[in-house]
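There are 2 protein chains.
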Amino acid sequence: MPSLSSGLLGDLDPTSDRAVFRQIADQLREAIDRGRFKEGEKLPSEAELVEHYGVSRMTVRNSFSVLQGEGLVHAEHGKGVFVRPRPPVRRLASDRFARRHREQGKSAFIVEADAAGSHPQVDSLEVKEEKASQDVSTRLGSVRRVLARRRRYLLDGRPVEFATSYLPLDIARGTSIAEPNPGPGGIYARLEELGHRLDHFEEEIRARMPSPDEVRTLRLASGVPVIHLIRTAFDQEGRAVEVCDTVMAADAYVLSYQLPAT
Amino acid sequence: MPSLSSGLLGDLDPTSDRAVFRQIADQLREAIDRGRFKEGEKLPSEAELVEHYGVSRMTVRNSFSVLQGEGLVHAEHGKGVFVRPRPPVRRLASDRFARRHREQGKSAFIVEADAAGSHPQVDSLEVKEEKASQDVSTRLGSVRRVLARRRRYLLDGRPVEFATSYLPLDIARGTSIAEPNPGPGGIYARLEELGHRLDHFEEEIRARMPSPDEVRTLRLASGVPVIHLIRTAFDQEGRAVEVCDTVMAADAYVLSYQLPAT
DNA sequence: CTCCTTTAGGTATCTAGACGAGTGGGCGAG
DNA sequence: CTCGCCCACTCGTCTAGATACCTAAAGGAG
Numbered sequence: 001m002p003s004l005s006s007g008l009l010g011d012l013d014p015t016s017d018r019a020v021f022r023q024i025a026d027q028l029r030e031a032i033d034r035g036r037f038k039e040g041e042k043l044p045s046e047a048e049l050v051e052h053y054g055v056s057r058m059t060v061r062n063s064f065s066v067l068q069g070e071g072l073v074h075a076e077h078g079k080g081v082f083v084r085p086r087p088p089v090r091r092l093a094s095d096r097f098a099r100r101h102r103e104q105g106k107s108a109f110i111v112e113a114d115a116a117g118s119h120p121q122v123d124s125l126e127v128k129e130e131k132a133s134q135d136v137s138t139r140l141g142s143v144r145r146v147l148a149r150r151r152r153y154l155l156d157g158r159p160v161e162f163a164t165s166y167l168p169l170d171i172a173r174g175t176s177i178a179e180p181n182p183g184p185g186g187i188y189a190r191l192e193e194l195g196h197r198l199d200h201f202e203e204e205i206r207a208r209m210p211s212p213d214e215v216r217t218l219r220l221a222s223g224v225p226v227i228h229l230i231r232t233a234f235d236q237e238g239r240a241v242e243v244c245d246t247v248m249a250a251d252a253y254v255l256s257y258q259l260p261a262t
Numbered sequence: 001m002p003s004l005s006s007g008l009l010g011d012l013d014p015t016s017d018r019a020v021f022r023q024i025a026d027q028l029r030e031a032i033d034r035g036r037f038k039e040g041e042k043l044p045s046e047a048e049l050v051e052h053y054g055v056s057r058m059t060v061r062n063s064f065s066v067l068q069g070e071g072l073v074h075a076e077h078g079k080g081v082f083v084r085p086r087p088p089v090r091r092l093a094s095d096r097f098a099r100r101h102r103e104q105g106k107s108a109f110i111v112e113a114d115a116a117g118s119h120p121q122v123d124s125l126e127v128k129e130e131k132a133s134q135d136v137s138t139r140l141g142s143v144r145r146v147l148a149r150r151r152r153y154l155l156d157g158r159p160v161e162f163a164t165s166y167l168p169l170d171i172a173r174g175t176s177i178a179e180p181n182p183g184p185g186g187i188y189a190r191l192e193e194l195g196h197r198l199d200h201f202e203e204e205i206r207a208r209m210p211s212p213d214e215v216r217t218l219r220l221a222s223g224v225p226v227i228h229l230i231r232t233a234f235d236q237e238g239r240a241v242e243v244c245d246t247v248m249a250a251d252a253y254v255l256s257y258q259l260p261a262t
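Just so you know, the sequences run in chain order A and B.
Here UniProt numbering is used: the first residue of the first sequence is 1, the next is one more, and so on.
Here UniProt numbering is used: the first residue of the second sequence is 1, the next is one more, and so on.
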């Protein structure tokens, strides 16, 4: 039975100059927006839509790929096409690096995740010395080689963030910053113990589509951008002591900042 | 002549289990990354790639659509497929709402664009009273109706940002805030004159793929996400006096914030 | 010389069909 | 009753071609 015609989806307008696959995408999008298809729910199969609209399969697939590009749906091989659920987002407050948090001991990520009732994990540790990229070198003030600390963060098994910290060798080499686990309070606590009292941070935020690498590392669905955040930490002498390059799954984050009005 | 085989692109690996269209996309992506195809340059036409790889046209188009989804290339009907140039980005500093800037008179957007040597424009003014959305109402502290100020910003003719400010009616009605042009220093200057001395701002940042509406309004190329910024302004009595909802073309912006380390 | 038409070469859309491969339920053998 | 196989359904990939429309440059009419 064409149970589809039961109001969920309309017909095509052959007189319209709008491409058929766009018309189909429009109707599906509208049905999703109106909640006719709920989060996680399965859309009609390709075959059903072929039947309903009387078009070829490639046309239907084309419609799906439009919606996929918008991040509205995702396909599962052998199962169907589903409305992508808006995952619970993780809020990153601008005071997350406040000294008072650092003094508590545990890493900001772990504390916050625990508080939110999710299961945090840190992954794929790599700590090594390497040549500084042009960009990192500029930000750190013409440094040749750096200590790089790479890690991936997961929430409830889902990768949400991939970060690399770069520190000048003259600061980090031989200290516990060069250890896989830098100890309570993280590297910022260590930096302060080493006499680099932190003064302020600068954060640069971009958004873009992920590279294939990033898709793999963060297991991103298609149609999900990444937030690229580059933070530079300055000590009270005005020296840049760390650059942290972070790539986040955009559907997992809301960044939040407080700005004074002065 | 197959001038393509002259080293720019390789061959397919028929033994690989990687889909052919992905292999082609990989090769094109790599060639772009290595600068073999420069910004704005035309890629080989579909027909040429069909010839070169010995595949069907749909397969080549599939490859292009992968790269388009990554924001790497864009197609122009009747002309070809081109490497998408990275447009010059506009930096938004976190002190852009500092009182000292406001006291200068002109709007932050205009001043900044002039300084950067580009031609700024503000567009599609709309100022009207309307019912507050659930979200806006919550942020403003259970307000029913609001004054909404909508505008679109362009740089050198290119739309880069679309913003709506919401203000409680009891503050804005009948003041110059309800005028299309609120006067020097913008609505924040007017709010302060009305006795709402600003204390701080809260900004929430998300990134996502644009809706079809946003694609139209911002004339976005495919594969370009948007940055969605929601700013709430608080006066010194702790009252939320404005909510500004901004959607920015992600390829046109870098947001920059300074955070104290205290 | 200017303007319009033609044409070649691009992409956009659509069709019809084939085969591959993941998923899950039903059913028969044991 | 349980296990394992098979099959139906689903999306993934690819082919081969048809038609439409856009762009730019060449060439002809005026």
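Positions of the beta carbon are idealized from the N, C-alpha and C atoms, including for glycine.
Item                                                                                                                                                                                             : Value
I need the DSSP call for residue 156 of chain A, collapsed to helix, strand or coil.                                                                                                             : coil
Does chain A have any CB closer than 8 Å to the CB of residue 202 of chain B?                                                                                                                    : yes
Can you confirm whether residue 262 of chain A, when its beta carbon is compared against all beta carbons of chain B, has any partner nearer than 8 Å?                                           : yes
I'd like to know if residue 11 of chain B contacts chain A, where contact means its C-beta is closer than 8 Å to some C-beta of that chain.                                                      : no
Could you check whether residue 60 of chain B and residue 49 of chain B sit closer than 8 Å to each other, using their CB atoms as the reference points?                                         : yes
Would you say residue 64 of chain A lies against chain B (beta-carbon separation less than 8 Å)?                                                                                                 : no
Does residue 161 of chain A come within less than 8 Å of chain B when only Cβ atoms are used?                                                                                                    : no
Can you tell which of A:193, A:116, A:17 and A:82 has the C-alpha that lies nearest to the C-alpha of residue 156 of chain A?                                                                    : A:116
So what does residue 166 of chain A bridge to, in DSSP terms?                                                                                                                                    : A:148 and A:243
For residue 153 of chain B, would you say it is in contact with chain A, using Cβ-to-Cβ distances shorter than 8 Å as the test?                                                                  : no
At least one CB of chain A closer than 8 Å to the CB of residue 70 of chain B: is that the case?                                                                                                 : yes
Looking only at its chain, what residues have a beta carbon closer than 6 Å to the beta carbon of residue 187 of chain B, apart from the 5 residues adjacent to it on each side?                 : 177
Which same chain residues, not among the five before or five after residue 119 of chain A, have their C-beta less than 6 Å away from its C-beta?                                                 : 156
For residue 35 of chain A, does the count of other Cβ atoms within 10 angstroms reach 16, so buried, or fall short, so exposed?                                                                  : exposed
In the DSSP assignment, find the unbroken beta strand (DSSP E) run with residue 205 of chain A in it and report its ends.                                                                        : 198 to 208
Only counting the same chain, and skipping five residues up and downstream in sequence, which positions put a Cβ closer than 7 Å to that of residue 32 of chain A?                               : 72 and 83
Please say whether residue 236 of chain A and residue 199 of chain A have beta carbons closer to each other than 8 Å?                                                                            : yes
Once the 5 residues before and after residue 94 of chain A are set aside, which same chain residues still bring their CB inside 7 Å of it?                                                       : 256, 257 and 258
For the putative contact between residue 136 of chain A and residue 127 of chain A, defined by C-beta atoms under 8 Å, what is the C-beta separation to the nearest angstrom?                    : Wrong, their Cβ atoms sit about 16 Å apart, outside the cutoff.
Got a sec: which bits of the region 12 to 38 of chain B sit with their beta carbon under 7 Å from any beta carbon on chain A, in order along the chain?                                          : none
Using three-state DSSP, classify residue 221 of chain A as helix, strand or coil.                                                                                                                : coil
Strictly below 7 Å CB to CB, what residues from chain A border residue 223 of chain B?                                                                                                           : 209
Can you grab the Cα-Cα spacing for the pair residue 144 of chain A / residue 190 of chain A, in whole Å?                                                                                         : 22 Å
Give me the Cα-Cα distance between residue 111 of chain B and residue 101 of chain B, rounded to the nearest whole angstrom.                                                                     : 9 Å
Mapping the DSSP letters down to three states, classify residue 120 of chain B as helix, strand or coil.                                                                                         : strand
With a cut-off of 8 Å, does the C-beta of residue 97 of chain A fall near any C-beta of chain B?                                                                                                 : yes
Only counting runs of 3 or more residues, tell me where the beta strand (DSSP E) segments fall wholly within the UniProt domain "HTH gntR-type" (18 to 86) of chain A, in order along the chain. : 73 to 76 and 80 to 83
Using three-state DSSP, classify residue 232 of chain A as helix, strand or coil.                                                                                                                : strand
For a cutoff of 8 Å on Cβ pairs, would you count residue 134 of chain B as touching chain A?                                                                                                     : no
From residue 214 of chain A to residue 23 of chain A, what does the alpha carbon distance come to, in whole angstroms?                                                                           : 32 Å
Count the other CB atoms within 10 Å of the CB of residue 252 of chain B; is the residue buried (16 or more) or exposed (fewer)?                                                                 : buried
Could you list the residues in the region 43 to 63 of chain A with a C-beta less than 9 Å from some C-beta on chain B, going in chain order?                                                     : 58
Can you tell me which of B:44, B:114 and B:159 puts its alpha carbon nearest to the alpha carbon of residue 74 of chain B?                                                                       : B:44
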